[in-house]
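Input: a single structure, listed below in structure tokens.
Chains as they are written, first to last, in the working numbering: chain G, 1 to 380; chain H, 1001 to 1466.
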């Protein structure tokens, strides 16, 4: 039986008071300047939200590892790099073609044998495309690594930005700074696809950008990191130099093995793909990419580091447009391995893991070759 | 569209601003109806037809019911057949087909019957009960039918409560359309605070707990007893925060548009017994079932056995309302048994008995424990996972080695303190004491803080599936 003092009844009464009875409310004339008051309240509310989100962003940015996706290599690599940042003089940045294919220990050995001793680190991460690469480079340089002299950056075009599985992950949200959100939206705007698709892509980037501005999802990890770290983070020492062979990658095993099986079933396709290289239309120059690369070069050089760009194998399509960037002086130095005639070893079935990556043997050959070519380049 | 999604913000701001700028009540209603249909269409426009069909039938039935000499039972029957027919087809047809096929197989037959594999329209269970309340109340003569189709359509589709309640009764809502509403009537501060509380519950607590719970129920055999109990308790927190958070936001949005929606939750985890629990949990559903099912069945007016049977029917159907699966049927039946046990206990143990003092002291934890264990049935999917989760939680027989670490106790303690603070009014007075400008600034800051602690991957509201 409910009575007037029953808490449930009181709660109902309180809820009913959210909308008062008409007779209990002053008439409209009694509230002059209501519109102005509402406007001011809304402005103050926005100001409170803006100031808090900026203060939080400032604080969260000062907690190492708090803002990067837990489930990916990026967080562990960033943490490891933070701890050892003054040990490395060369860092590789790029996608899975860097992550699974550049073996820093082997590379350093070869470099030493060529008389250019280096201590390198592989900062490659699967699914890391141009905007995120740019963001990682910025963060890396912001740590002021004392010995860093060279940054080897994978040269990518702008079209691939987010793979669907990474949509709205904290990692993707994190690189959506205002500048990079604008860039991603620009790329979506000029894409050769129907307007509905482009609009959806632009909206998606704006959403990522808004989420970043609001620090969405960063509070808990930052709190956890500030209170002594995330127990789920694997021991950074297992990464050592940042390299993992695809054969030994513990994450996404099912997907990796499926890709491998597909490749083994279709090895005949390698010849067909090689034969059809260069059959497509020639790609025009991309002024947006040229502008962004110019900015990136400036950024790296301003930190006293020399950028070297890399086109990593295997690449099944002709990318003369990317190579032209070096010829035109937009990128200062380029190491390109996209030519199967010059580098047949990177397109040979025994050295491939799948159509997108080299296997461990291929990676060893690639790392050795990279050392030889880089030492030549630096010697010049 | 979810209340916690970013796109809801511009949608609501537009709905709110245009609504209050319009002078005439009928225009406002029409505008909000358009907004409500757009809100629903953002999920699946095709199923708007079901809402419209349900609205047309109940509006027409309502008018026919009050005509002199009308065959009232036949018209009410039509409303029941159409509304429950749609619900049954979309929600229960496959469940009954599957169960019949399984039963026939057990009996040695080999039937070849396919399933309909229909998509469950979001919110169908909620708006069906709302429209039924209109027809039944008109049939009973406790509510006058509405001549205006717009009024009935607006009542059925009002977007804050359309897809996940609270289940609003026609008799509570329709009279609100008869008075001119003014923004000055709305306690904007209280409504904004309620929205913020709901947002924190849903986006900061429920969504952040979801991955751990999903991982456990995907493979309960991989967890030890500690892990199973942590997941079970996490789920009781998740479902409360998810659903009561949604209700808070719905009530707040309704209030900002000038409409009162009913209370749906009142700190159920502070209940001292299972009967009190059901007076505080999903109040709009439990009271609907009480008034439109349990009481018409005879309620507690007949013999003790008859009362128990009525309880069993009402609670089992309450379970089935939640979903088409035997787990929900069992869950409902389990709560019926708990209510019967409580009833018998209250009858047999005298007020003066020391046992009463013991039960009063242990009432809250025991009720919470009963709820937590029953929710394993509610959450688990498939016979094997359900059995394993129950074995781990009830029999302490867990083969796995995973758990969430002892940190879950810290999470639990923090949430319990927050919940107790909310129950006993901590902080409300502080908010109230702020001057108007200070409130606006502080609300913005608090919302920004809540956003930082929310999950970027918004989980759909758990009750959307019902």
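All residues carry an ideal CB built from backbone N, CA and C; glycine is no exception.
Under DSSP, residue 90 of chain G takes part in a beta bridge, and its partners are G/120 and G/150. At a cut-off of 8 Å between C-beta atoms, residue 1251 of chain H counts as an interface residue with respect to chain G. At a Cβ-Cβ threshold of 8 Å, residue 1392 of chain H and residue 1127 of chain H do not count as neighbours. DSSP, read as helix, strand or coil, puts residue 1223 of chain H in strand. The alpha-carbon of residue 168 of chain G is positioned some 12 Å away from that of residue 201 of chain G.
Taking 8 Å as the CB threshold, residue 132 of chain G stays off the interface with chain H. Contact between residue 1266 of chain H and residue 11 of chain G holds: CB atoms are separated by about 5 Å, below the 8 Å threshold.
Under a criterion of Cβ atoms nearer than 8 Å, the residues of chain H adjacent to residue 220 of chain G are, in order, 1208 and 1453.
Taken atom to atom, the span from the alpha-carbon of residue 188 of chain G to that of residue 122 of chain G is near 30 Å.
For the region 164 to 176 of chain G, the set of positions with a beta-carbon nearer than 8 Å to some beta-carbon of chain H reads 168, 169, 170 and 173 in chain order.
Cβ-Cβ separation between residue 260 of chain G and residue 353 of chain G: approximately 6 Å, consistent with a contact (criterion under 8 Å). By the 16-neighbour rule on beta-carbons within 10 angstroms, residue 320 of chain G is exposed. Residue 337 of chain G sits close to residue 311 of chain G, with the two beta carbons spaced by under 8 Å. If the five residues before and after residue 378 of chain G are omitted, its C-beta is found closer than 7 Å to the C-beta atoms of 116, all from its own chain and listed in chain order.
As the crow flies, the alpha-carbon of residue 1351 of chain H is around 27 Å from that of residue 1295 of chain H. Using beta-carbon distances, residue 1459 of chain H does not count as an interface residue toward chain G, since no partner is under 8 Å.
For residue 1101 of chain H, no pairing in a beta bridge is given by DSSP.
Excluding the 5 residues flanking it on each side, residue 1094 of chain H has same chain C-beta neighbours closer than 8 Å at 1115, 1116, 1117, 1118 and 1324, in chain order. Shortest Cα-Cα distance from residue 1113 of chain H to any of H/1073, H/1103 and H/1279 involves H/1103. With at least 16 other beta carbons inside 10 angstroms of its own, residue 75 of chain G counts as buried. Residue 114 of chain G is outside the set of residues whose beta carbon lies under 8 Å from a beta carbon in chain H. Close to residue 1409 of chain H, with beta-carbon spacing below 8 Å, lies no residue of chain G; the smallest spacing is near 15 Å. Per the C-alpha coordinates, the member of H/1228, H/1020 and H/1087 positioned closest to residue 1400 of chain H is H/1228. If you draw a straight line from the Cα of residue 88 of chain G to the Cα of residue 118 of chain G, it comes to about 8 Å.
Nearest to residue 1198 of chain H by alpha-carbon distance, out of H/1281, H/1078, H/1243 and H/1273, is H/1243.
In chain G, no part has a C-beta under 7 Å from the C-beta of residue 1029 of chain H; the shortest such distance is about 16 Å.
In this structure, residue 1203 of chain H places its C-beta atom within 8 Å of the C-beta atom of residue 1450 of chain H. Interface flag for residue 1023 of chain H against chain G is unset, since no Cβ pair is found closer than 8 Å. Taking a C-beta cut-off of 7 Å against chain H, the contacting residues of the region 200 to 217 of chain G are 207, 210, 211, 214, 215, 216 and 217, listed in chain order. Annotation: residue 1118 of chain H is outside any beta strand (DSSP E) and is labelled neither H nor E by DSSP. Scanning its chain for C-beta atoms nearer than 8 Å, with the 5 sequence neighbours on each side dropped, one finds around residue 1317 of chain H the residues 1289, 1293 and 1332, in chain order.
Nearest Cα to residue 1042 of chain H within the set H/1007, H/1383 and H/1307: H/1007. Sorting H/1459, H/1148 and H/1270 by C-alpha distance to the C-alpha of residue 1360 of chain H places H/1270 at the top. Put simply, the backbone Cα of residue 50 of chain G is about 49 Å away from that of residue 1145 of chain H. Among the bridge pairs identified by DSSP, residue 336 of chain G is matched with G/311.
In the DSSP assignment, residue 295 of chain G falls within the alpha helix (DSSP H) that extends over 287 to 302.
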